[in-house]
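*Asks:*
There are 2 protein chains.
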Amino acid sequence: MPKFLRVDMAKKEVNFEDVPEKYLALGGRALTSQMVLDEVPATCNPLGEFNKVIIAPGLLSGTNAPSSGRLSVGGKSPLTGGIKEANAGGICSQKIANLDIKAIILEGKPAEKGSWLIKVSPDGAELLAADELANKGTYEVTAILRERYGSKVGVICIGPAGEMMLMGAGVATNDAEGNSSRYAGRGGLGAVMGSKGVKAIVVDAPKTFDVPVKDKERFSAAAKKFAKVLMDHPVTGEGLPAFGTNVLMNIISEAGTLPTRNFSNVGRFANANNVGGETLAEVAKARGGKATHACHPGCIMRCSNVYPMPDGKVCSPIEYETAWCFGPNLEIDNLDVVAKLNYICNDAGLDTIEMGVALGVLMEAGVIPFGDADAAVAALEEVAKGTPAGRILGNGAVFVGKAYGITRVAAVKGQGIPAYDPRSCKGNGVTYATSPMGGDHTAGYAVTANILKVGGFVDPTKAEGQVDLSRNLQIATAAVDATGLCLFVAFGVLDNPEGLPAIVEMLNAQYGLELTVNDVVALGQSILKNERAFNAAAGFTNADDRLPEFFYNEKLAPHDTIFDITDEELDSVFNF
Amino acid sequence: MPKFLRVDMAKKEVNFEDVPEKYLALGGRALTSQMVLDEVPATCNPLGEFNKVIIAPGLLSGTNAPSSGRLSVGGKSPLTGGIKEANAGGICSQKIANLDIKAIILEGKPAEKGSWLIKVSPDGAELLAADELANKGTYEVTAILRERYGSKVGVICIGPAGEMMLMGAGVATNDAEGNSSRYAGRGGLGAVMGSKGVKAIVVDAPKTFDVPVKDKERFSAAAKKFAKVLMDHPVTGEGLPAFGTNVLMNIISEAGTLPTRNFSNVGRFANANNVGGETLAEVAKARGGKATHACHPGCIMRCSNVYPMPDGKVCSPIEYETAWCFGPNLEIDNLDVVAKLNYICNDAGLDTIEMGVALGVLMEAGVIPFGDADAAVAALEEVAKGTPAGRILGNGAVFVGKAYGITRVAAVKGQGIPAYDPRSCKGNGVTYATSPMGGDHTAGYAVTANILKVGGFVDPTKAEGQVDLSRNLQIATAAVDATGLCLFVAFGVLDNPEGLPAIVEMLNAQYGLELTVNDVVALGQSILKNERAFNAAAGFTNADDRLPEFFYNEKLAPHDTIFDITDEELDSVFNF
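The listed protein sequences derive, respectively, from chains A and B.
Numbered continuously in my numbering, the first sequence closes out at residue 587.
Numbered continuously in my numbering, the second sequence closes out at residue 587.
1. Checking 7 Å against the spacing of the C-beta atoms, do B:Ile-263 and B:Arg-434 come in under that value?
2. When the Cβ atoms of the stretch 408-424 of chain B are set against those of the stretch 313-328 of chain B, are three or more pairs found closer than 8 Å?
3. Using the C-alpha atoms, what's the distance from A:Ser-583 back to A:Phe-381?
4. Are the Cβ atoms of B:Ala-2 and B:Asn-439 separated by less than 7 Å?
5. Could you spell out where the alpha helix (DSSP H) holding B:Ile-538 opens and where it closes?
6. How should A:Leu-352 be labelled, buried or exposed, when 16 other C-beta atoms within 10 angstroms of its C-beta is the threshold for buried?
7. Which residues in chain B sit within 7 Å of A:Thr-453, going by Cβ to Cβ distance?
8. Contact criterion: CB-CB distance below 7 Å. Does B:Asp-362 meet it with respect to chain A?
9. Measure the Cβ-Cβ separation of B:Tyr-331 and B:Thr-256 and say whether it is below 7 Å.
10. Could you work out which residues of chain B lie near A:Asp-555, taking near to mean beta carbons separated by less than 8 Å?
11. Count the other C-beta atoms from every protein chain shown that fall within 10 angstroms of the C-beta of A:Lys-437, then say buried if there are 16 or more, exposed otherwise.
12. Among B:Asn-56, B:Glu-60, B:Ser-72, which residue has its Cα nearest to the Cα of B:Ala-122?
13. Any contact of the stretch 503-516 of chain B with the stretch 528-545 of chain B, i.e. 3+ C-beta pairs under 8 Å?
14. Beta strand (DSSP E) containing B:Gly-165: first to last residue?
15. Kindly give me the distance between the Cβ atoms of A:Leu-139 and A:Lys-147, rounded to whole angstroms, as I take these residues to be in contact under 8 Å.
16. Exposed or buried, what is B:Glu-118 when buried is set at 16 or more other beta-carbons lying within 10 Å of its beta-carbon?
17. How long is the line joining the alpha carbons of A:Gln-536 and A:Arg-40, rounded to whole angstroms?
18. Tell me which residue opens and which closes the beta strand (DSSP E) that A:Val-18 is part of.
19. Go ahead and pull the three-state DSSP assignment for A:Leu-567.
20. At 8 Å on the CB atoms, spell out the chain A contacts of B:Asn-56, in chain order.
21. Since A:Asn-406 meets chain B, which of its residues come closer than 7 Å, beta carbon to beta carbon?
22. Quick check on the DSSP output: the beta strand (DSSP E) that includes A:Tyr-318 runs from which residue to which?
23. Mind checking who B:Glu-137 pairs with in its DSSP beta bridge?
24. In the stretch 57-120 of chain A, which residue ranges form an unbroken beta strand (DSSP E) of at least 3 residues, counting only runs that do not cross its ends?
25. On the DSSP bridge assignment, give the partners of B:Val-222 in chain order.
26. Classify A:Phe-280 as buried or exposed, calling it buried when 16 or more other Cβ atoms lie within 10 Å of its own Cβ.
27. So what does DSSP say about A:Tyr-592, is it helix, strand or coil?
28. Using a Cβ-Cβ cutoff of 8 Å, what residues of the stretch 424-458 of chain B are near chain A? List them in chain order.
29. Anything in the stretch 203-221 of chain A with a Cβ closer than 9 Å to a Cβ of chain B? List those residues in chain order, please.
30. Can a CB atom of chain A be found closer than 7 Å to the CB of B:Gly-59?
31. For A:Lys-225 versus A:Gly-523, is the C-beta distance shorter than 7 Å?
32. Is it buried or exposed, A:Phe-468, if we count other Cβ atoms within 10 angstroms and call 16 or more buried?
33. Give me the Cα-Cα distance between B:Gly-425 and A:Asp-49, rounded to the nearest whole angstrom.
34. With B:Val-214 as the anchor, note down where its beta strand (DSSP E) starts and where it stops.
35. At a CB distance below 8 Å, what residues from the stretch 166-185 of chain A approach chain B? Give them in sequence order.
36. Compare the beta carbon distance of B:Asn-546 and B:Ile-94 with 7 Å and say whether it is the shorter of the two.
Laid out in structure tokens, this is it:
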């Protein structure tokens, strides 16, 4: 029977509990959001004793369903003040699922200062003092713990940023090579973990693909069908495996929706190719790295990469959004600089997107010049040092904006907007404005139909159709985030009518259910409703479902469009 | 006919306008809040082009009504995100009223950087470039402008904090001696003024008490009666004139509701007397200063003081809340240190209360030690320098808390709570929680009935009766803030049935109205309703009408009480 592992950091107790009936059919984001709604007072201080960190593998995690190793982390976000689910790849989701743990719940707050380590294995769970890990970077922490507990363990940890409870702090997990670079990055959940004194969780599980499956044959058939759907699609079968997500750099620039110079009024970057996926693949291969790589066992899209840096370290992966925020957003066109900034974030325990948007605001303020790579590196290195300047940056884009009186801050609900300008990728604009997560491209990735013509085409520069597009994608995404499947399966699923039924079939085979496609839609809707309910109780209103002022008032070249989805239209997104 | 002076900082235009009919019977907070509701989009960026600064004398300002020289400043607050009215003494309200200007409206935002000066006189208004004043402290700015335009001018200005658009920045005005120490301090309106590039407003008016009064005899009789009400009351006739507001220090400590050590769990300070009003009066007089002083002509309560500092400068006044926040709140028991911190704030253009609460949080974080006067001075001096540390502090208590991951932050709606612990002065707690202004003791000063037994007695340690008390005081305060009368008249009015009718009689005599006492209550209610409407449109909900978590969970000695007014009770405050 699956268990909850509940860790009370006030009492320093670890306890396994039976999973209540109502949670049995939930996983990933469906489970974290339900539990946050049920167990966390919506108005609590996100860094106080009443917030919790809920860590949950997806419903399919730990099976051999392709690309099903996403791990959800949930809680009340210190960055947005609302509910948060951020999910990551890496090897931990499958391991936790194979320990038959439905969720790890961190709650309470230690009265004393200190760092603790949670060790989970088939033998049980322990809470250990770990002051020796305090203030260490995630790479070193992961290396120490792999050395101590074996190179096959999964490590969930935070860096100094999380320990300092900075709002840009994420939760890191590692890939099979031990890189602590797979991030449940967004919304400051690393700070919540830090507030509880939990520096790391070691997951020691001998098995990866061995969770109970009720009907193995049926499951296998569905998994095979699903794999074919992914392999047959040009994005999941060709683009991502060849160039990773950064294949988008040139595409988005060409489309004229690449934010440049802190979301200035130009949506293209002349040197986009210098920091794009094609260049990345070439350089990575030339230096002995990898243009394609799986972040967890069983991923067949393999969108990750291994980028050897000039200093001998590797950055793995460099994602498109990271390359964008440290590249065109800062007028930096050097992939080595992008990799270095990315690595600093990984090590300090920071969300790359939030830091990239924040650095853009810092440059807007004139504190450091646009395009100045050395200054950007120096500024980012301050964060782990805990200097006042570092704390300003480490708290994210809105915080930097307030520190320096800057109004051009691309953020919604306090969270920085990534990589796709909402003025000419309006479907994403609707998602940014309305997602319960705040500015988040993954919450309803309308780039599909807006730019890539996946799942149809909705003109990205026009208002028409964007609300419907974003609504449907937000619902589908919430459901996918419950399964542990990587969101990128959506590319295949959106264009192939066999995709979604295959997912449903896998779920039915694993759990002995008879779900239909409609049930999956209903699941997505119910997740969003839970999240909206939490946010409403936390004090969110329609006024929070808006983009920053300048997107409505300043045109973006080359399409010369503003964001013109009306408030009424935005308020209709959750009419279901 | 009264005029609006509208200053468009985008076009660099000044224009006088007729006052629309609907605004004629409004003044002070009634006018600023109505205009903010009418003219400022509730969801706008407080530092962006759509926010405005509305500066309005009270309805009685410029007459010889006793103590009627308060000047209201309104806008959307960058600190709270809601509507804000802060009012100040000093000589400007009377001068503006005597220029027949109902309100000065600052709107728009300059495209270019720069500092501007607005000069208003009987000859009209001018907008002048004033880059020579940039980054100067308010004392120097005021001195320069008095030198340039004559020592009788009023100067409304901001310091470097406002120019840097820090959320702790207030709007300064001067007293007759030229001290720029009368502050519309709270809520960051100095930052809004700074966002518009307005460094100062010079008000050159030859007259002080000469606004049109329809029935002078009737007015005179009422004013005399009102003066007697004030003089007959022990607080307004004796306590305030003798020791100023800081007469409260020992009283509040004795009552066990003096926040100490950043709102720790002890409500008394052993050395309260060292920084109290009695000591202040003694030292001030011994050094050739003044224990009593009027902040504007015609004030008969004279609660201000002139405190000569060891460096030869004077701090005028030191208020109780300032002495508290830089004293017991920081475990500092030295009045010279309090004066120095106060002076630094005045000069930098900072709200003392917000800075004191913020310094308490900085000490809680261990960045500087409690009780360390030199460290506190050094930290506060950073603000005007614009260093990262200074910007953190200058943005207020909540900002400091987020920078350092501190949860013990006494603030509501983003604004620091002053001087009366809500756990044992629960009426004030209700005001802090529910006022549309955020944590603000002046918005409904329940210390009256809770501690001073003015206007009856409501046991401060019990929940019973506090909601009614706060509601009535919030309504009355809003009305008083419309008149330009100093809030302290409330002491007299609450205990003397002749007080309120005398105010109504003055209004009727001045404007040729036939208001009743009930109309004044209705005015107060309508102001609060306007403010609540703005805040609701800005995204505020009941969830914002709460105190920080720790007040509900940690007992305060010596009464060992928590704040136990239920959410339902708090939500009933505005049931009228």
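Heads up, the beta-carbon is just placed ideally off N, CA and C, and yes, glycines get one too.
*Replies:* Concretely, from the data shown:
1. Taking 7 Å as the Cβ cut-off, B:Ile-263 and B:Arg-434 do not qualify as a contacting pair.
2. By the Cβ criterion, the stretch 408-424 of chain B is not in contact with the stretch 313-328 of chain B, since fewer than three pairs of Cβ atoms, one from each stretch, lie closer than 8 Å.
3. The alpha-carbon of A:Phe-381 is positioned some 38 Å away from that of A:Ser-583.
4. No answer is possible for residue 2 of chain B: it lies beyond the span of chain B, which begins at 12 and ends at 587.
5. Judged by DSSP secondary structure, B:Ile-538 falls within the alpha helix (DSSP H) whose first and last residues are 528-549.
6. Taking a 10 Å sphere around the C-beta of A:Leu-352, we find 16 or more other C-beta atoms and assign the residue as buried.
7. Contact note: A:Thr-453 does not reach chain B at a C-beta cutoff of 7 Å; the least C-beta distance is about 24 Å.
8. Among the CB atoms of chain A, none fall inside 7 Å of the CB of B:Asp-362.
9. Yes; because the gap between Cβ atoms is below 7 Å, this pair is in contact.
10. Within chain B, the residues near A:Asp-555 are Gly-550.
11. Classification for A:Lys-437: buried.
12. Ranked by Cα distance from B:Ala-122, the options B:Asn-56, B:Glu-60, B:Ser-72 are led by B:Glu-60.
13. Yes, the stretch 503-516 of chain B is in contact with the stretch 528-545 of chain B.
14. Looking at the DSSP string, the run of the beta strand (DSSP E) that includes B:Gly-165 is 165-168.
15. Between A:Lys-147 and A:Leu-139 the Cβ distance is about 15 Å, and since that is not below 8 Å, they are no contact.
16. Result: buried.
17. Straight-line Cα distance between these residues: approximately 12 Å.
18. It spans 14-19 - the beta strand (DSSP E) in which A:Val-18 sits, taken as one unbroken run.
19. Note: A:Leu-567 maps to strand in three-state DSSP.
20. Chain order gives the chain A residues near B:Asn-56 as Thr-418, Pro-559, Glu-560, where near means a beta carbon separation below 8 Å.
21. Simply Lys-413, Ala-414.
22. Run containing A:Tyr-318: 315-319, per the beta strand (DSSP E) assignment.
23. Within the DSSP bridge table, the entry for B:Glu-137 names B:Lys-130 as partners.
24. Runs of the beta strand (DSSP E) lying entirely within the stretch 57-120 of chain A and spanning at least 3 residues, in chain order: 64-68, 82-87, 94-99, 112-118.
25. Looking at the DSSP output, B:Val-222 shares a beta bridge with no other residue.
26. A:Phe-280 counts as buried, since at least 16 other C-beta atoms from the protein chains shown sit within 10 angstroms of its C-beta.
27. Any question about residue 592 of chain A goes unanswered here, given that chain A covers just 12 to 587.
28. From the stretch 424-458 of chain B, no residue has a Cβ closer than 8 Å to chain A.
29. Cβ contacts with chain B: Gly-205, Ser-206.
30. Chain A, which has a Cβ nearer than 7 Å to the Cβ of B:Gly-59, makes this yes.
31. Going by C-beta atoms, A:Lys-225 is nearer than 7 Å to A:Gly-523.
32. Result: exposed.
33. Answer to the nearest angstrom: the Cα atoms are 27 Å apart.
34. Taken as a continuous stretch (DSSP letters only), the beta strand (DSSP E) holding B:Val-214 covers 209-214.
35. Going along the stretch 166-185 of chain A in chain order, one finds Met-175, Met-176, Leu-177, Met-178 with a Cβ nearer than 8 Å to chain B.
36. The beta carbons of B:Asn-546 and B:Ile-94 sit closer together than 7 Å.
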